[in-house]
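> Below: one structure in structure tokens.
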Amino acid sequence: VDMYGTQQPLALLKFVMERMSMYERGGDLEEIVLKDISFLAATNPPGAGANRVDPRVISRFSCFYITFPSRASVHRIYSSIVAHKFSDFPETVQKVAEALPAASLRVYEGVVSHFPRTPTKFHYIFNLRDLSRVYQGLWQAKPEAVGDGKSLVRLWRHECLRVFQDRLLEAEERTIVDEELVGRILRDCFPDEAENAARNPIFWGDFRTAVDTRHLSGDNSATEERTYEDLSDVAALRKTLEELVESYNEENSCRLQNVMFEDAISHIVRIHRVLRMGRGHALLIGTGGSGKRSLTQLATHIAGYRLFRLSSARNYAEAELREDLRSLICGAAVTPHTFLFADSDVVDEGFLESVNNLLTIGTVPALFAEEDKETLTGKLRQKAAEKGIREDGLWTYAMSQVRANLHVVLAMSPAGDALRTRCRSFSGFTACTTIDYFMAWPREALKEVARSLLRDETLPEHSREDIEDFMVDAHLSVATCYAPEFERRAGRKIFVTPQNYIDFIRVYAGNLAAKRRDLDTLADRLEGGLSKMASATEAVKVMNQELAEKKVIVDERRRSVENLINDIEEKSSKASKRQEEATAAAKQISEDQVVIAREKQSADEALAAAIPALEAAARALETLDKKDITEIKAFATPPKPVMYVCMCVVVLRPLGKESETEGWNGAKAMLNDVNFLKSLIDYPKDTITDKQVKKIAEYFNKEPESFTSEKMAKISKAGNGLLTWVKAMVEYHHVAKSVEPKRKSVEELSVRKAQAERDLARTHLELGQLNEQIAALQRDQKDQEAHLLEIQTEAALMEKRLTAACQLIEGLESERQRWTVDLQTCGKKREDLIGNCLVGGAFLAYAGPFTFEFRQQMVYEQWTRDVETRHIPCTGNFKLEALLTSDAEVAQWNGEGLPGDEMSIQNGILTSRSARWPLCIDPQMQAVNWIKRHEEANGLVIKSFSDDYLKFLELAIQYGKPFLFENVEHDLDPLIDPLLEKAWTKGNSQETLLLGKTGTVVNNGQCQRTRVASQSAPYRVLEAETETSTDRRHSCTTLHCAT
């Protein structure tokens, strides 16, 4: 109904029915005439918040009111169904099954009478569809799981509770259904089976072996035959679901971290039950953070289906929706799909019409053009042919496959009037779905979650249960006390969701670990300082001892150096004496060398006089050959001159074996020797004796006139050569005899010189050794003096340090006492962190949306006192500012424009310390101005949702740059939902965030400062509070990106 009271679609329908024509939109507005058309309409009865249909429209129809069938008719219908289903079951099962239709009808009638539809309970619509869903659940029974009447009655109770109880808002209403309606009927109709059927908890499902089925069947696990059976063993069921969570995380980059407490298990079983039913659709109603989407993802994984969600894109509109729906339907035609549609996907309310069509008829009219239908039918043509379906029925078969394989899950928030309006406008949301209302977690579930998430935390065992109880009570106090009171006073509803509770636990664990690390670091530093001071005191004592020892060493080194100096002087004196001796010897050797040279020269000159004769003899010998010698040997009686010459040669004994007594025969024997000439050439002329020369002279005197070269040459050529040789030898002998004294003198002088040189060499060697010893001693002296200087320097430095250390220790005595006290208090502070972080975590998780008055009451009047009452260690006079910030940081914030009052400091803490995105209501623009100054140095980027901000946001996330959204009006752009939800996906050692259709690499540890701001509370703030941390101070939404 618009602002004028007109229902525009109905007004158009009335116009068309009256005129049977309409005008073409666009173009030339040509009239389109309708012929041969009949109109058939259906509507729910008015009332219970539904708008009345315009009477002028109703006047165009013939109206029929279709009443509810009679009890007999309903009983007959469902009795036939039950009888057929259980005809093959044991007789006990069949007997019990006969009573089920009447019992089911009694439950239905009781629910309808007890729970009428109201504006706040707009989904309390019960009809035959709901009754049929009970039997749809019973239809899944198999003989192996339902072998007796007790099992069947228990299954029937389970199906009644799933259909009628799960949609109810209040715990009291659920108790009425379970105990007063179903319980009474059990006692009346099934007395023997009632006790077994009434046992709680009650869970039925077909995924006991889902882990093995997925491993063995792979992609075919969705079509595998399963057994619908009782899964009420919670421990075994929890283990199975935990294994399935691990299986999901192995196959998907976006990991689930669900805690399998009983309430979460029940919702998984409910969602999975709906998905496994033919044409099963679900409407999940719960505040943000209650687990609707994550549990749907897990249930889809368990069922073996594929999950489909609308893509996120800037300016996502009807065209993009239809394209996504075409992809969904094409996929669902082949394999089962779960279409998860959340209220964050409602960019345009017109999208809901398409979703309603999927629920009611299984497709969207006019979604596929004729030329596009082949894309869908081509995938099913072969399968259809196997079933005998003709080509003209292929599209109908395709649509039936889509409707059978497509399961729509609506995840909606009850915040505001949006869901009521949507359910009123689109009846398929309630009529075609099984509704599961996510109620607040019970105390037991909260306790189980706290126990699970804190299992690995280091906490004192005697306080662990008190800590868990405090967390539960803090959460419930906000949900049941402060939030309703704040709504009563301020008129603003605050949703306290399970996500707040999980954030509380994680913030507590994170802050506790961080603060412990800080205290441990401080304690280590204090211990290090005290240890250094203690070691300095000990070092002073050691330095005193070392200083005394070094003084002794200095004295010893000084004496050692003096001894070295004396030794060097002694050896230097000895070396000087040896040097003088060596110099004198060298001088004498030099003088002897002159005399030797002179005498040798004189002897050589005298010997040179015999050289011509020797050379002549050599030439004469060269002229001789064997023929000449043979000529002499041929003489029987040689001429006397020749014989005398030969005998002279014999006297000289060139061969060394000649004998003068043998006469000419001995001479001939000498001449016959082959080495004769060689022996003459090599004759040792220095061995000639005076006796030999005298004998030769005797032969020369016998015939002196014949012993001339001219005469001898005439007698014999060989004789002349031998004569020349003999004369040369005799002449050499005479010369050598005169030179002999000189030669002996030279030899004596040479021997004496050689001895003197050896003595000089020894002296030089000794002198060198002495010099080396002196050099070594000098080096040793230098080293000793350097070492002495080093020791003296060390001793002086040690004495200086000792003096400074004594002064330092005396001056730091007060610091040592203070550090000792601080170190002792560190242990107490570390212990107190257990309670302090509890209060601080509760503040960060819950206090943001409340005013200062409520914050003070929550933190200081209840939570702090509760911690003290439970005897959980905490600091007396606890202050949030002391735990969550520091004076230096507060001073920095004040310098950046943040007011210094306690409320503003708390807001600063919430903005910078919250585990979720800070969402600031900021009418005075204080938050915006402070954020701009605070992040200016980090390259702050400022955009609004009306800008083309996506690329800038991607860069900010990738490089860790601050990003501020401001001037947000009524809606938060759904495009940033993955960022709000921190839906990081991990792969290849990188974290990515899917914004739109592209993945952005998250700079881990750097993506910390993205903000959003507005001057009026956004329309989606109630839902955004479950994804952000609200900081109430202005009308500004601040989104702080912190990984």
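Our numbering puts the first residue of the sequence shown at 38, with every later residue one more than the last. Backbone N, C-alpha and C fix where the C-beta goes; we use that ideal spot for every residue, glycine too.
I want to know whether the region 279 to 297 touches the region 333 to 348 - three or more CB-CB distances under 8 angstroms.
Yes, they touch.
> Closest by CA to arginine 199, which one among Pro156, Tyr145, His151?
Cα-wise, what sits closest to arginine 199 is Tyr145.
> Taking only beta-carbon atoms, is glycine 174 less than 7 angstroms away from chain B?
Within the model displayed, chain B is absent; a lone protein chain is all it includes.
> Rank His374, Asn709, Leu293, Pro497 by C-alpha distance to the C-alpha of valine 311 and give the top, closest one.
Minimum Cα distance to valine 311 is reached at His374.
> Check alanine 884 in the structure and name its three-state DSSP category.
Coil at alanine 884, not helix or strand.
> When the distance is taken between beta carbons, is arginine 488 closer than 7 angstroms to valine 509?
In this structure, arginine 488 does not lie closer than 7 angstroms to valine 509 by Cβ.
> Indicate whether leucine 825 and arginine 615 have their beta-carbon atoms separated by less than 7 angstroms.
Contact flag unset, no.
> Below 7 angstroms between beta carbons: does that hold for asparagine 738 and serine 746?
For asparagine 738 and serine 746, no; Cβs fall outside 7 angstroms.
> Could you tell me which uninterrupted beta strand (DSSP E) segments, each at least 3 residues in length, are contained entirely in the region 341 to 400, listed from first to last along the chain?
With a minimum length of 3 residues, the continuous beta strand (DSSP E) runs that stay inside the region 341 to 400 are 343 to 345, 374 to 379.
> Would you identify the three-state DSSP class for valine 446, choosing helix, strand or coil?
If DSSP states are grouped into helix, strand and coil, valine 446 belongs with the strands.
> Looking only at its own chain, which residues have a Cβ that is under 8 angstroms from the Cβ of leucine 513, when we skip the five neighbours before and after it?
Arg480, Leu483.
> Look at the alpha carbon of glutamine 899 and the alpha carbon of alanine 952, and state the distance between them as a whole number of angstroms.
Between glutamine 899 and alanine 952, the C-alpha separation is close to 23 angstroms.
> Only counting the same chain, and skipping five residues up and downstream in sequence, which positions put a Cβ closer than 7 angstroms to that of phenylalanine 159?
Closer than 7 angstroms at the Cβ level, and outside the excluded window around phenylalanine 159, lie Gly86, Arg457, Cys460, Arg461.
> Mapping the DSSP letters down to three states, classify lysine 866 as helix, strand or coil.
DSSP places lysine 866 in helix when its eight states are reduced to three.
> Roughly how many whole angstroms lie between the Cα atoms of arginine 554 and phenylalanine 982?
Roughly 40 angstroms separates the two Cα atoms.
> To the nearest angstrom, how far is it from the Cα of aspartate 229 to the Cα of alanine 369?
So the alpha carbons of these two residues sit roughly 45 angstroms apart.
> Which class does proline 479 belong to by DSSP, given the choice of helix, strand or coil?
Looking at proline 479 - three-state DSSP - the assignment turns out to be coil, as it is neither helix nor strand.
> Under three-state DSSP, which class holds cysteine 957?
Strand, per DSSP.
> Can you check which of these residues, Thr667, Ser303, Leu1030, is closest to histidine 195 by C-alpha distance?
Checked all of Thr667, Ser303, Leu1030; the closest Cα to histidine 195 is Ser303.
> In whole angstroms, give me the CA-to-CA distance for leucine 347 and histidine 444.
Roughly 14 angstroms separates the two Cα atoms.
> Grouping DSSP H, G and I as helix and E and B as strand, with all else coil, what is leucine 198?
Residue state, collapsed to three classes: helix.
> So, at 8 angstroms on beta carbons, what are the nonlocal neighbours of cysteine 863 in its own chain, with the 5 sequence-adjacent residues on each side left out?
Hits under 8 angstroms: Leu556, Leu559, Ala560, Leu563.
> Going by DSSP, what residues sit across from valine 190 in a beta bridge?
Per DSSP, none; premise fails for valine 190.
> What separation, rounded to the nearest whole angstrom, lies between the Cα atoms of tyrosine 353 and glutamate 939?
Answer to the nearest angstrom: the Cα atoms are 43 angstroms apart.
> Where do the N-terminal and C-terminal ends of the alpha helix (DSSP H) with glutamate 55 fall, by residue?
From DSSP, the alpha helix (DSSP H) with glutamate 55 extends over 45 to 56.
> Which residues in the same chain as leucine 413 place their Cβ atom closer than 6 angstroms to its Cβ, once the five residues preceding and following it in sequence are excluded?
Hits under 6 angstroms: Cys367, Ala370, Ala435.
> For glutamate 428 and threonine 157, what's the separation of their Cα atoms in angstroms?
Distance between the alpha carbons of glutamate 428 and threonine 157 is about 50 angstroms.
> With contact counted as at least three CB pairs below 8 angstroms, one residue from each stretch, are the region 534 to 541 and the region 875 to 883 in contact?
Yes: at least three Cβ pairs fall under 8 angstroms.
> In the DSSP assignment, find the unbroken alpha helix (DSSP H) run with serine 994 in it and report its ends.
Correcting the residue identity first, residue 994 is isoleucine in this sequence and not serine. Note, isoleucine 994: alpha helix (DSSP H), 987 to 996.
> From the DSSP output, read off the bridge partner residues of methionine 59.
Ile69, per the DSSP bridge assignment.
> Per DSSP, what are the beta-bridge partners of tryptophan 762 in this structure?
According to DSSP, which records beta bridges pairwise, tryptophan 762 is partnered with nothing at all.
> Roughly how many angstroms separate the alpha carbons of serine 75 and leucine 165, rounded to a whole number?
C-alpha separation (whole angstroms): 28 angstroms.
> Which residues does DSSP list as the beta-bridge partners of threonine 517?
DSSP lists no partner for threonine 517.
> What's the call for glycine 42, buried or exposed, on a 16-neighbour Cβ count within 10 Å?
Exposed.
> Which value, in whole angstroms, describes the spacing of the CA atoms of tryptophan 241 and leucine 189?
For tryptophan 241 and leucine 189, the distance between alpha carbons rounds to 11 angstroms.
> Can you tell me the Cβ-Cβ gap for valine 296 and leucine 490, rounded? I've got them flagged as a contact below 8 angstroms.
7 angstroms between Cβ atoms; contact.
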